[in-house]
Each structure stands twice: as structure tokens, then as C-alpha cells.
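Numbering (my numbering), first residue to last: 5 to 312.
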Ligand SMILES: [Zn+2]
């Protein structure tokens, strides 16, 4: 393993290719992750049909947040289900990459970020010789959408405090608090799968959505029962997945956020609204060089709190 300044920007050390089913179309899609230069960020490009523009993975490109987080290019073509790959980039500290995809959405893989993390770890990262800069939260910013509440608060670590509350015995109320480091991401979040209720999936199927959705890429709940034979990967896999989604969606700020993100009953819509609210108020943040103690995955990588 090559040791370098951990506060440097990185990209993938070589191209990474993955194929899988798109959860909404049900069609096979292949994505290719290519190295990119410093300060180019994460960009997506459709390679099916005529050559499209590279779409920056920033909140201004977001077209929808209902069933997944979806970006739209200047040519009107969309790229859906980007959130788990975005979480993997952010979780592993990969700042710059060009992602080619030959269809309208990224492959869902097993419903978590595990396959992305595995392939990205095999490829390794390449240091780009330029310091990473972070968005530091300077004052509290709050967003409420219905019953969902989000807050960004000043904090000297990229910290998450996520709570979900579903009227279901298998899910119920779950919370977790953690400082985001590559170690915590790999161990505590990357394998947490998306989840849904059977009656909701059936309704989506009728409307022609979620065609690729199956027990191979989601935890399905029917009443107070998990339908997957293998059960859950953790009793609180549900909140871990919501935390994974939050990591991916907050990455749409274009840089890592240095602050505490607290969300209650959140989701893609709240997460993206939170990024927009922060960046809309120039007195709420500034840009600072990444402190090395944040970037280098401290030995005290810790799960501050995880409880069912
Ligand atoms: Zn998700």
C-alpha cells in the first residue's frame, strides 16, 4: 500500500467495470469508472445512444428524488440510482472520477454499496497531489419536509446522526451516530441493503417501476416480517442503509461536508434539500483545506453509537 498525504485529492488508480441489473428498468447495465483529474469531481456520462454531456454529481443536476436520486444532463437524459455509488466514493475518500453508464440508471447490485466498495478497493486510489478542500458548516441550517427534519450543525468531524421511525415491528425506531471514515464506511455502512414494503413494491410493479427489484437486491418487509430467507445483515440494517443514502446524497455538495448532519425520518428528498439549503446561504459555510486528522481515518475509527 502506498502511503501519501491523506488530505490529498484522489481518483481511482485504474478503470473499474461493473455490470448488474437496473432496479427500475430491469435491464442489464454496465458502468465503467475512469480516473479523473483534480478538482473535476464526480461526473456521470451516458454512453448509450448519442454521446451525451458529462453530468456533474452536484445538487444542481438532481432531477428527481422520489424512488432514487436521479441526475439530468443538459441534453435532458437522466441517470438514476446514483446514491450508493456516490456513497462509496465519499466513504472511501475518492474525490474525482468519470462514470460511464450504458443505460438510464446504475446497476443496483445487491441493494448496498458492497460491490462498488469491493471493486474500488481492488483498483485502489491514486493521489493527485492537490489538497482536498471541505465545506465547513459555520452555523446551523435546518430543513423540514412534512415529518422529515434535517439539520446541519458545526462539528470538527464529518459526523452523522440518523434516526428512522417506521410503524413496523421489524424496523421501528432506529438511530445511529458515527464519524465518517473509510474504515467506518466499509465496516458499518457499505453492506447495508435498501429495503421496502411488499405492498409498495407491488404497487410500483403495476406502474411499471421497480422491474428489477427482487429479494436479491432489497430487504422486503411484509407487515412485521422480513421476507428474505437470509434475514437482515444487522438488526438495524435499515438505519444503516438510510445512513449510507445520506452519505451519498450529501456528496452532492460536490465536496465533503465538515459538520454534523442530523436527520429524522429523512430520505433522498430531505438530504438533497439540506445540501441546497446549506449552499444557498453563503454565511452558513466556508471552504477549508481538509484537516489531515479527518482524512486519514484515525485509529479511533468509531461507531459512536448504534442501537436498535
Ligand atoms: Zn439507498
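We put the beta carbon where it would ideally sit given N, CA and C, even for glycine.
All values reported here derive from a predicted model rather than from experimental measurement.
- Item | Three-state secondary structure (DSSP) of residue 311 | Translated into positions along the chain shown, residue 311 becomes position 307. Any reading at residue 311 must be qualified, since the residue scores a pLDDT of 40, below 50, and its modelled position is unreliable; no value is offered.
- By how many angstroms is the C-alpha of residue 185 removed from the C-alpha of residue 302? Here residue 302 corresponds to residue number 298 of the chain shown, with the count starting at 1. Here residue 185 corresponds to residue number 181 of the chain shown, with the count starting at 1. With a pLDDT of 43 at residue 302, under the threshold of 50, the modelled position of this residue cannot be trusted, and the question is left open.
- Which one of 128, 27, 267, 294 has the shortest CA to CA distance from residue 150? Position 146 of the chain shown, counted from the first residue, corresponds to residue 150. It is 267 whose Cα lies nearest to the Cα of residue 150.
- Message: Please report the straight-line C-alpha distance between residue 167 and residue 154, rounded to a whole angstrom.
- Response: Residue 167 sits at position 163 when you count from the first residue of the chain shown. Residue 154 sits at position 150 when you count from the first residue of the chain shown. Cα-Cα distance, rounded: 10 Å.
- Item | C-alpha gap between residue 234 and residue 114, whole angstroms | The residue labelled residue 234 in the question sits at position 230 within the chain shown. The residue labelled residue 114 in the question sits at position 110 within the chain shown. Cα to Cα, residue 234 sits roughly 13 Å from residue 114.
- Task: Identify whether residue 79 lies in helix, strand or coil by the three-state DSSP scheme.
- Result: Counting from one through the chain shown, the residue named residue 79 turns up at place 75. Residue 79 falls in the coil class under three-state DSSP.
- Query: Quick one: complete alpha helix (DSSP H) runs, 4+ long, within the segment 181-258?
  - Reply: 202-210, 241-254
- Item | Distance between residue 147 and residue 274 (C-alpha atoms, nearest Å) | In the chain shown, counting from the first residue as 1, residue 274 sits at position 270. In the chain shown, counting from the first residue as 1, residue 147 sits at position 143. Looking at the two C-alpha atoms, the distance is approximately 7 Å.
- With DSSP collapsed to three states, give me the class of residue 95. Here residue 95 refers to the residue found at position 91 of the chain shown. Residue 95 falls in the helix class under three-state DSSP.
- Task: Helix, strand or coil for residue 67, going by three-state DSSP, please let me know.
- Result: In the chain shown, the residue the question calls residue 67 occupies position 63. DSSP places residue 67 in strand when its eight states are reduced to three.
- Nearest residue (CA-CA) to residue 277, options 152, 240, 260: Here residue 277 refers to the residue found at position 273 when the chain shown is read from its first residue. With distances taken between Cα atoms, residue 277 lies closest to 152.
- Host beta strand (DSSP E) of residue 148 (start-end): Residue numbering aside, residue 148 sits at position 144 when the chain shown is read from its first letter. Unbroken beta strand (DSSP E) run through residue 148: 145-149.
- Query: Out of curiosity, what's the CA-to-CA distance linking residue 88 and residue 250?
  - Reply: What you label residue 88 is simply residue 84 of the chain shown in a count that begins at 1. What you label residue 250 is simply residue 246 of the chain shown in a count that begins at 1. About 10 Å.
- Item | Burial state of residue 231, where buried means 16 or more other Cβ atoms lie within 10 Å | Position 227 of the chain shown, counted from the first residue, corresponds to residue 231. Label assigned to residue 231: exposed.
- How many Å lie between residue 279 and residue 60 at the Cα? Numbered from its first residue, the chain shown carries residue 279 at position 275. Numbered from its first residue, the chain shown carries residue 60 at position 56. Straight across, the Cα-Cα distance linking residue 279 with residue 60 is about 15 Å.
- Query: Can residue 33 and residue 111 be called in contact, C-beta distance under 7 Å?
  - Reply: Here the question's residue 33 lines up with position 29 in the chain shown. Here the question's residue 111 lines up with position 107 in the chain shown. Yes, Cβ-Cβ distance for residue 33 and residue 111 is below 7 Å.
- Query: Quick one: Cα of residue 102 to Cα of residue 62, how far?
  - Reply: Here the question's residue 102 lines up with position 98 in the chain shown. Here the question's residue 62 lines up with position 58 in the chain shown. Each residue's alpha carbon lies about 13 Å from the other.
- Message: Buried or exposed for residue 291, going by 16 or more other Cβ atoms inside 10 Å?
- Response: As a working note, residue 291 is residue 287 in the chain shown. Exposed, since its Cβ has fewer than 16 Cβ neighbours within 10 Å.
- Taking residue 77 as the reference, give the member of 70, 108, 117, 90 with the closest Cα. Within the chain shown, the letter at position 73 stands for residue 77. Nearest of 70, 108, 117, 90 to residue 77, Cα basis: 108.
- Message: DSSP has residue 2 in a bridge; who is on the other side?
- Response: Residue 2 is absent from the structure shown; the chain starts at 5 and stops at 312.
- Message: The alpha helix (DSSP H) that contains residue 175, what's its start and end?
- Response: As a first step, residue 175 must be located in the chain shown, where it is residue number 171. Note, residue 175: premise wrong, no alpha helix (DSSP H); not H, not E.
- Query: If you draw a straight line from the C-alpha of residue 164 to the C-alpha of residue 98, how long is it?
  - Reply: Residue mapping note: residue 164 aligns to position 160 of the chain shown, counting from 1. Residue mapping note: residue 98 aligns to position 94 of the chain shown, counting from 1. About 19 Å.
- Please classify residue 33: does DSSP put it in a helix, a strand, or coil? As a first step, residue 33 is located in the chain shown; it is residue number 29 there, counting from the start. Residue state, collapsed to three classes: strand.
- Item | Unbroken beta strand (DSSP E) run spanning residue 169, endpoints | Locating residue 169 in the chain shown gives position 165, counting from the first residue. Unbroken beta strand (DSSP E) run through residue 169: 163-169.
- Query: CB of residue 85 to nearest heavy atom of ligand 1: below 6 Å?
  - Reply: Position 81 of the chain shown, counted from the first residue, corresponds to residue 85. No, the Cβ of residue 85 stays beyond 6 Å of every heavy atom of ligand 1.
- Query: For ligand 1, which residues count as neighbours when the test is a C-beta closer than 5 Å to any heavy atom?
  - Reply: 198, 249
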